[in-house]
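Enquirer: Just so you know, we're using my numbering here: the sequence shown kicks off at 74 and counts up by one. A virtual CB, placed ideally from N, CA and C, is assigned to each residue, including glycine.
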Amino acid sequence: MLGSGSIPSAVAEGGYKRISGEGSTWAQAALDAMRVNVRQFGVTVDYGGTGSSAGRKNFLNGTVDFAASDIPFQFEPEDGSAPENPAPGSYAYMPVVAGGTAFMYNLKINGKRVTNLRLSGENVTKIFTKAITIWNDPALQADNPGIVLPAKPITPVVRSDGSGSSAQFTKWMIAQYPALWTKFCNESGRAPKCGFTSYYPTVQGMIAQAGDLGVAGYVAANYAEGAIGYVNYAYALGNQFPVAKVLNAAGYYTEPTPENVAVSLLKAQINTDE
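Structural data, given as C-alpha cells:
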C-alpha cells in the first residue's frame with residue numbers, strides 16, 4: 074500500500090479525518106473488512122477497486138490519500154508504459170495483506186462440474202499464452218490421469234485494466250518459461266516491449282474483464298464453460314467455484330489455501346529500504 078503522511082490525522086473535535094483510497098481489486102476484500110472494523114472507532118475510509126495501476130496514478134495526481142497496489146511504482150516499466158515518478162519523500166510503502174492468486178475455472182464433464190483439476194506451471198503458462206487451446210490436450214491430460222478431459226475450447230480470462238495481478242503473473246511466466254512468453258508477446262503485437270506488464274496482451278480466443286470481480290464473474294457465468302482466469306482466492310471461494318491445483322517444486326499439486334500461503338510466506342522478505 075502507498076500512503077502519504079496524512080492518514081489518518083486526528084482533528085481538534087476528537088474525530089478523524091475521512092480518508093479515501095483506490096487501487097488493487099486483489100486486496101479489496103481484505104481492505105473492505107478493515108474498513109468495516111475501524112468504523113467503530115469513528116474512522117471512515119472510502120476505497121474503490123479501480124486496479125493497481127489506476128490507484129497509483131490517482132495517488133500521484135493527489136486525488137486520493139492512499140493507493141493499494143500489488144507492485145511498487147514503475148520508474149522504468151518493462152512494457153513500454155509511461156514511467157511513474159513520484160517526488161522523493163512524498164510516499165511510503167506499507168505491506169498490509171498477503172494471499173494466494175488462484176486459477177478459477179469453469180469446466181464440466183457430462184454435465185458434472187470438475188473440481189479436482191491439476192495443472193503444471195508450464196501448462197498454466199501454455200494456457201495463458203494460447204499454446205494450449207483445448208482442454209483435452211495431451212499435456213493437460215497428463216496432469217490429470219484420473220479423469221478424461223472434454224474436447225472443449227479453453228477461454229483464458231485476463232484483466233482488461235492495469236492490474237498488479239497481471240504484473241505478478243506475467244513476471245512469473247517470464248522467469249519460469251521465457252520462450253513461451255516471448256513467442257506470445259511477439260504474436261500479440263507487443264514486441265519489443267515484452268517485459269512483465271500490468272496490461273495483459275489479448276489475442277483472439279481470450280476474454281478481458283475489469284477487476285478480480287469481473288474476471289470471477291465471467292468465469293462463473295453459465296455461458297462460460299471452458300473458461301479459466303486468475304483471481305485472488307477469495308473471489309473463487311465467494312463464487313463457490315473450484316481452483317486448479319498447481320504443481321509445486323516439491324512435486325505436489327496444491328491450492329493457495331490459507332495454510333499453504335502461510336507456509337510460503339515464511340520465506341517472504343520485506344524490503345526495508347522502500
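Let me know if D138 comes out buried or exposed under the rule of 16 or more other beta-carbons within 10 Å of its beta-carbon.
Expert: It counts as buried.
Enquirer: Within 10 angstroms of the Cβ of T202, are there 16 or more other Cβ atoms? Answer buried if so, exposed if not.
Expert: With 16 or more Cβ atoms within 10 Å of its Cβ, T202 is classed as buried.
Enquirer: Could you spell out where the alpha helix (DSSP H) holding I200 opens and where it closes?
Expert: Per DSSP, I200 belongs to the alpha helix (DSSP H) from 194-201.
Enquirer: What residue range is occupied by the uninterrupted alpha helix (DSSP H) comprising T16?
Expert: As displayed, the chain neither begins before 74 nor continues past 347, which places residue 16 out of reach and without an answer.
Enquirer: On a CA-only basis, which of M107, I92, G122, W99 is nearest G135? Give me that one, please.
Expert: Checked all of M107, I92, G122, W99; the closest Cα to G135 is I92.
Enquirer: If you drop the 5 nearest sequence neighbours on each side, which residues of the same chain put their C-beta closer than 6 Å to that of T188?
Expert: The residues are P315.
Enquirer: Return the residue from the list I227, L190, Y296, I207 that minimises the CA-CA distance to D216.
Expert: Measuring from the Cα of D216, the nearest candidate turns out to be L190.
Enquirer: Using DSSP's beta-bridge definition, name the partner residues of K318.
Expert: Beta-bridge pairing links K318 to R191.
Enquirer: Please tell me whether L104 and Y120 are closer than 7 Å, where the distance is taken between their beta carbons.
Expert: Yes; because the gap between Cβ atoms is below 7 Å, this pair is in contact.
Enquirer: Hey, how far is the Cα of A212 from the Cα of G311?
Expert: Cα to Cα, the separation comes out at about 30 Å.
Enquirer: So within the region 87-164, which uninterrupted beta strand (DSSP E) runs reach at least 3 residues, ignoring any that extend past its ends?
Expert: Listed in chain order, they are 92-96, 118-121, 139-141.
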